[in-house]
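**Q** Have a look at this one before I ask anything.
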Amino acid sequence: MELIDGNTIAASLIAELKAEVSSLPGRKPCLALVRVGDDPASVSYVRKKEKTADEIGLVGRIILRPVGTTQQELEQLIDELNADEGVDGILVQSPLPKPLDELAIFRRVSPEKDVDGFHTLNLGKVAQEDDSGFVSCTPAGIMELLARSGVDLKGKHVVVLGRSLIVGKPVALLALQKKTGANGTVTICHSSTRDIGNLTRQADVLIAAIGKPEFVTGDMVKPGAVVIDVGINRVPDATKKTGYRLTGDVHFPSASERADKITPVPGGVGPMTVAMLMKNTVKAYRLRHRTGH
Ligand code: GUN
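This note's numbering numbers the first residue of the sequence shown as 57 and each following residue consecutively.
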């Protein structure tokens with residue numbers, strides 16, 4: 057069994073981006089990070105994104121709004137950021153507190169600044185295999201992780217657990233694309249799928265993104281498979297100072313006995329998501345300033 061080390065792979069991506077950003081003339085790319093409310097996981101993710109932006113030499117502009125912010129207020133903020141010449145990328149941390157309409161907010165972000173890739177236009181470009189848009193960061197990070205680990209999906213059976221807008225659907229589309237590294241045969245499983253284990257056991261590459269702690273156990277993994285764990289679940293743990301521990305959607309001890317390659321949690325997909333966000337921000341900057349690479 058080989059561990060796919062997301063920290064190391066993300067670190068090389070970050071080093072590449074740092075070199076690229078230092079060679080850009082004039083103003084540095086700016087990423088607006090919008091967080092509404094104080095969800096503890098969101099607080100930690102946004103902080104991590106700001107720190108990584110800083111490390112690369114990007115400007116991370118954090119914008120905080122309280123719980124109780126109205127849809128109209130948030131839409132007005134997005135409109136202002138869309139019009140702001142100094143902002144290249146806009147990220148609205150998900151999930152937004154109730155009753156905000158998240159999809160309406162994602163669609164409000166100008167497609168040219170949509171570094172999260174959640175806008176209808178950018179998601180549509182993934183379906184059309186048009187590389188001019190933005191691919192959402194976690195799916196893009198998974199593809200990069202596979203490519204840099206020497207996993208070619210061509211002809212492989214890729215089974216995706218979960219059909220979310222943020223991971224399941226876009227990663228399935230990427231794995232399906234007719235391009236180098238992809239060309240997979242894709243199955244998507246979800247809450248209405250019958251006998252999930254029967255399908256996961258047929259997976260050459262299993263991508264778990266359902267948000268259920270340790271859902272995938274060893275008996276659901278085909279011997280020799282590649283297992284990508286996208287879950288970041290906080291489960292109560294009295295032995296930890298924080299009172300919780302992080303676990304993926306995969307039961308690592310049993311799955312790692314059968315898998316050929318597997319990502320850990322933390323230190324697998326998570327760092328790649330952040331690195332791809334930075335890559336998208338530099339891309340947004342280049343598109344707006346028409347500087348080729
Ligand atoms: N919440 C979980 N993943 C993501 C992501 O990639 N982007 C944003 N904005 N929120 C998230």
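The beta-carbon is built from N, C-alpha and C at its ideal position, and this holds for glycine as well.
Can you check DSSP and say which residues form a bridge with Pro-292?
**A** Pro-292 pairs with Tyr-300.
**Q** Following a CB-centred definition, is Cys-193 positioned closer than 6 Å to any heavy atom of the ligand GUN?
**A** It does: the Cβ of Cys-193 is within 6 Å (strictly closer) of some heavy atom of the ligand GUN.
**Q** Could you check if Asp-172 belongs to the surroundings of the ligand GUN, using beta carbon to heavy atom distance under 6 Å?
**A** Yes, the Cβ of Asp-172 comes within 6 Å of a heavy atom of the ligand GUN.
**Q** Between which two residues does the alpha helix (DSSP H) holding Thr-108 run?
**A** It spans 96-112 - the alpha helix (DSSP H) in which Thr-108 sits, taken as one unbroken run.
**Q** Helix, strand or coil: how does DSSP classify Val-272 here?
**A** Strand at Val-272.
**Q** Note the first and the last residue of the continuous beta strand (DSSP E) segment covering Val-214.
**A** Segment 213-217, the beta strand (DSSP E) holding Val-214.
**Q** Taking 6 Å as the cut-off, does the CB of Leu-120 come closer than this to any heavy atom belonging to the ligand GUN?
**A** No, the beta carbon of Leu-120 sits no closer than 6 Å to any heavy atom of the ligand GUN.
**Q** I'd like to know whether the C-beta atoms of Ala-331 and Ala-66 end up nearer to each other than 7 Å.
**A** Against a cut-off of 7 Å, the Cβ pair of Ala-66 and Ala-331 comes out as a contact.
**Q** Suppose the cutoff is 6 Å on Cβ atoms and the five residues either side in sequence are ignored; what does the same chain contact list for Ile-252 look like?
**A** Excluding sequence neighbours, Ile-252 sits near Cys-245.
**Q** For a test of your reading of the model: does the CB of Leu-147 fall under 6 Å from any non-hydrogen atom of the ligand GUN? Yes or no.
**A** Checking every heavy atom of the ligand GUN against the Cβ of Leu-147, one is found closer than 6 Å.
**Q** Need the endpoints of the alpha helix (DSSP H) that Val-77 sits in, please.
**A** Looking at the DSSP string, the run of the alpha helix (DSSP H) that includes Val-77 is 62-78.
**Q** Would you kindly work out how many angstroms separate the C-alpha atoms of Asp-275 and Arg-250, rounded to a whole number?
**A** Between Asp-275 and Arg-250, the C-alpha separation is close to 16 Å.
**Q** Among all the DSSP beta bridges, which residues are the ones paired with Lys-317?
**A** In DSSP, Lys-317 forms a bridge with Glu-58, Val-282.
**Q** In the DSSP assignment, the beta strand (DSSP E) including Ala-88 goes from what residue to what residue?
**A** That run of the beta strand (DSSP E) goes 86-92.
**Q** Can you give, in chain order, each stretch of the alpha helix (DSSP H) that sits fully within the region 111-193 and has at least 4 residues?
**A** Counting only runs of 4 or more, we get 127-139, 158-164, 176-184.
**Q** Between the Cα of Val-282 and the Cα atoms of Leu-201, Leu-230, Ser-220, which residue gives the shortest distance?
**A** Here the closest residue by C-alpha is Leu-201.
**Q** With a threshold of 6 Å on Cβ separation, who are the neighbours of Leu-69 within its own chain once the five nearest residues in sequence on each side are excluded?
**A** Excluding positions up to five away in sequence, the list reads Ala-331.
**Q** Would you decide whether Pro-327 is buried or exposed? Buried here means 16 or more other CB atoms lie within 10 Å of its CB.
**A** With 16 or more other Cβ atoms within 10 Å, it is buried.
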